[in-house]
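A.B. asks:
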Amino acid sequence: MSTEVSSFADLGGDLAGTYRRTASSGESIDAAVCAADLAALQRDGYVILPDLLTPQELDDIREAVAPLLNHHGRNMFEGQSTQRVYSVLNKTRSCDRIADHPRVLALLDRLFLPNYLLSMLQVINILPGEQAQMLHTDDGFYPLPRPRTALGAATIWAIDDFTADNGATEIIPGSHLWGHRMPEESEREPVVMKAGSCVFFVGTLWHGGGANRTQTSRLAVTAQYCEPWLRPQEAFTLSITRDTVRAVSEDIRRMLGYSIHPPFIGQVDGMHPKRLLEPGAQPL
Numbered sequence: 038m039s040t041e042v043s044s045f046a047d048l049g050g051d052l053a054g055t056y057r058r059t060a061s062s063g064e065s066i067d068a069a070v071c072a073a074d075l076a077a078l079q080r081d082g083y084v085i086l087p088d089l090l091t092p093q094e095l096d097d098i099r100e101a102v103a104p105l106l107n108h109h110g111r112n113m114f115e116g117q118s119t120q121r122v123y124s125v126l127n128k129t130r131s132c133d134r135i136a137d138h139p140r141v142l143a144l145l146d147r148l149f150l151p152n153y154l155l156s157m158l159q160v161i162n163i164l165p166g167e168q169a170q171m172l173h174t175d176d177g178f179y180p181l182p183r184p185r186t187a188l189g190a191a192t193i194w195a196i197d198d199f200t201a202d203n204g205a206t207e208i209i210p211g212s213h214l215w216g217h218r219m220p221e222e223s224e225r226e227p228v229v230m231k232a233g234s235c236v237f238f239v240g241t242l243w244h245g246g247g248a249n250r251t252q253t254s255r256l257a258v259t260a261q262y263c264e265p266w267l268r269p270q271e272a273f274t275l276s277i278t279r280d281t282v283r284a285v286s287e288d289i290r291r292m293l294g295y296s297i298h299p300p301f302i303g304q305v306d307g308m309h310p311k312r313l314l315e316p317g318a319q320p321l
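Quick look at the structure:
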């Protein structure tokens, strides 16, 4: 990073020398499309983005994650009849498109400060007989009072069709604007969507997984994000190998923390974390 600062205002900019801030692929999305997505998100707290994954991409995800679905949830929140896969980026490249899809990044670019972070990437497979998950908000663990602007956002991607009976995510529209009001179970509404679609919602929206009353499982992948000055749910800088970081897209690399939030948040030994990816770089 460069240390040339002539005024206090300079500390709010990009001080990097070799590794300057990179552009988001969200910039490739038509402004009118993003404006419509954002308007729905701000009004309802969520927006459904249809048909973002191709049938081949869906097949690749199903094939890649099937051998990884070995563990059930450990408590009522995770779901004792729900299979979850953590540290997904270390285990398969098939879900990268979910983490860095330009349609999603275009919204994140407008919600958060530059260099926002990936907070979690997880596979969730709800098995037959699973009960409805408790209602919750995804950034509720950040101890700031409501009502407030969301500090995080989430996507839940339908790898299988989401129906009202197979465990589709359930949301309470407009609840992102609530203060201390608690939700009622009767207010839950299922997010019905085709495989390849995703629901994007802000971290203050009340939601939960639905009950699976069918005889087949419901596979999904969730990617969650947060402001660059917050601690993510997954400690990616510990869990993700440098070889994996080199293999992912620049968007994902930046969101894993191989970036600097001005002025110095994220530095490693006073330098940009991308120095650790250079040939011959040694562990600290």
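For our numbering, add 37 to where a residue sits in the sequence shown, where the first one is 1.
No residue lacks a Cβ here, since even glycine has one placed at the ideal position from N, Cα and C.
Quick check on serine 39: buried or exposed, where buried means 16 or more other Cβ atoms within 10 Å of its Cβ?
C.D. replies: Walking along the sequence shown from the start, residue 39 turns up at place 2. Note that serine 39 has pLDDT 49, beneath the 50 cutoff, so the model's placement of it is unreliable and no number is given.
A.B. asks: Going by DSSP in three states, threonine 274 sits in which element: helix, strand or coil?
C.D. replies: Reading the sequence shown from its first residue, position 237 is the one you call residue 274. Helix at threonine 274.
A.B. asks: Between leucine 158 and arginine 121, what straight-line distance do the alpha-carbon atoms span, to the nearest angstrom?
C.D. replies: For this step, residue 158 is matched to residue 121 along the sequence shown. For this step, residue 121 is matched to residue 84 along the sequence shown. Rounded to the nearest angstrom, the two C-alpha atoms are 11 angstroms apart.
A.B. asks: Quick one, which of Gly110, Ala68, Cys132 has its alpha-carbon nearest valine 258's?
C.D. replies: As a position in the sequence shown, residue 258 is number 221, starting the count at 1. The candidate whose alpha carbon is nearest that of valine 258 is Cys132.
A.B. asks: Taking the Cβ atom as the reference point for each residue, do threonine 119 and threonine 174 lie within a distance shorter than 7 angstroms?
C.D. replies: Locating residue 119 in the sequence shown gives position 82, where the first residue counts as 1. Locating residue 174 in the sequence shown gives position 137, where the first residue counts as 1. Their beta carbons are not under 7 angstroms apart, which means threonine 119 does not touch threonine 174 by this criterion.
A.B. asks: Using the C-alpha atoms, what's the distance from aspartate 137 back to threonine 59?
C.D. replies: The count along the sequence shown starts at 1 and reaches residue 59 at position 22. The count along the sequence shown starts at 1 and reaches residue 137 at position 100. So the alpha carbons of these two residues sit roughly 14 angstroms apart.
A.B. asks: In the DSSP assignment, what residue or residues form a beta bridge with tryptophan 194?
C.D. replies: In the sequence shown, counting from the first residue as 1, residue 194 sits at position 157. Tryptophan 194 is bridged to Cys235, Val258.
A.B. asks: Contact between the segment 221-234 and the segment 146-163 is defined here as three or more beta-carbon pairs at a separation below 8 angstroms; is this criterion met?
C.D. replies: Short answer: they don't touch.
A.B. asks: If we count the other Cβ atoms within 10 Å of its Cβ and call it buried at 16 or more, is valine 302 buried or exposed?
C.D. replies: Position 265 of the sequence shown, counting from 1, holds the residue named residue 302. Looking at the sequence shown, residue 302 is not valine but isoleucine. Exposed: under 16 other Cβ atoms inside 10 Å.
A.B. asks: What span of residues does the alpha helix (DSSP H) with glutamine 79 cover, start to end?
C.D. replies: Counting from 1 along the sequence shown, the entry for residue 79 is found at position 42. Its alpha helix (DSSP H) spans residues 68-81.
A.B. asks: What residue does the alpha helix (DSSP H) around valine 125 start on, and which one ends it?
C.D. replies: Walking along the sequence shown from the start, residue 125 turns up at place 88. Element bounds for valine 125: n/a, residue is neither H nor E.
A.B. asks: Quick one: what's got a C-beta closer than 6 angstroms to glutamine 270's C-beta in the same chain, skipping five residues either side?
C.D. replies: Counted from its first residue, the sequence shown places residue 270 at position 233. Taken in chain order, the residues that qualify are Ser156, Met157.
A.B. asks: Grab the span of the beta strand (DSSP E) containing glutamine 159 for me, first residue to last.
C.D. replies: Numbered from 1 along the sequence shown, position 122 holds the residue referred to as residue 159. 154-163 is the span of the beta strand (DSSP E), which, as asked, contains glutamine 159.
A.B. asks: For phenylalanine 114 and glutamine 170, what's the separation of their Cα atoms in angstroms?
C.D. replies: Translated into the one-based positions of the sequence shown, residue 114 becomes position 77. Translated into the one-based positions of the sequence shown, residue 170 becomes position 133. Rounded to the nearest angstrom, the two C-alpha atoms are 6 angstroms apart.
A.B. asks: Can you grab the Cα-Cα spacing for the pair glutamate 322 / leucine 150, in whole Å?
C.D. replies: Residue numbering for the chain in the displayed model covers 38 to 321; residue 322 lies beyond these limits and cannot be assessed.
A.B. asks: Apply the 10 Å Cβ neighbour rule to alanine 76 and answer buried if 16 or more other Cβ atoms are within range, or exposed otherwise.
C.D. replies: The residue labelled residue 76 in the question sits at position 39 within the sequence shown. Label assigned to alanine 76: exposed.
A.B. asks: When the distance is taken between beta carbons, is histidine 298 closer than 7 angstroms to proline 265?
C.D. replies: Along the sequence shown, one-based indexing puts residue 265 at 228. Along the sequence shown, one-based indexing puts residue 298 at 261. Yes.
A.B. asks: Hey, could you find the ends of the alpha helix (DSSP H) threonine 281 is sitting in?
C.D. replies: One-based indexing of the sequence shown puts residue 281 at position 244. Looking at the DSSP string, the run of the alpha helix (DSSP H) that includes threonine 281 is 279-284.
A.B. asks: Ignore the nearest five residues each way along the sequence and tell me which others in alanine 232's own chain have a CB closer than 7 angstroms to its CB.
C.D. replies: As a first step, residue 232 is located in the sequence shown; it is residue number 195 there, counting from the start. Around alanine 232: Leu95, Ala195, Ile196, Asp197, Asp198.
A.B. asks: How should glutamine 261 be labelled, buried or exposed, when 16 other C-beta atoms within 10 angstroms of its C-beta is the threshold for buried?
C.D. replies: Against the sequence shown, residue 261 aligns to sequence position 224. Buried, because 16 or more other Cβ atoms sit within 10 Å of the Cβ of glutamine 261.
A.B. asks: Report yes or no: do the segment 134-148 and the segment 183-191 share at least 3 C-beta pairs separated by less than 8 angstroms?
C.D. replies: Flag = yes, the segment 134-148 and the segment 183-191 touch.
A.B. asks: Taking the continuous alpha helix (DSSP H) assigned at glutamate 287, which residues delimit it?
C.D. replies: The residue labelled residue 287 in the question sits at position 250 within the sequence shown. From DSSP, the alpha helix (DSSP H) with glutamate 287 extends over 287-292.
A.B. asks: Leaving out five residues on either side along the sequence, give the residues of the same chain with a beta carbon under 6 angstroms from the beta carbon of arginine 130.
C.D. replies: On the sequence shown, residue 130 is found 93 positions in, with the first residue counted as 1. There are no such residues.
A.B. asks: Thinking C-alpha only, which one of His109, Ser286, Gly307, Ile85 is nearest arginine 134?
C.D. replies: By 1-based counting over the sequence shown, the position of residue 134 is 97. It is Ser286 whose Cα lies nearest to the Cα of arginine 134.
A.B. asks: Sorted by chain position, which residues of the same chain lie with C-beta nearer than 7 angstroms to alanine 318's C-beta, five sequence neighbours on each side aside?
C.D. replies: Here residue 318 refers to the residue found at position 281 of the sequence shown. Arg312.
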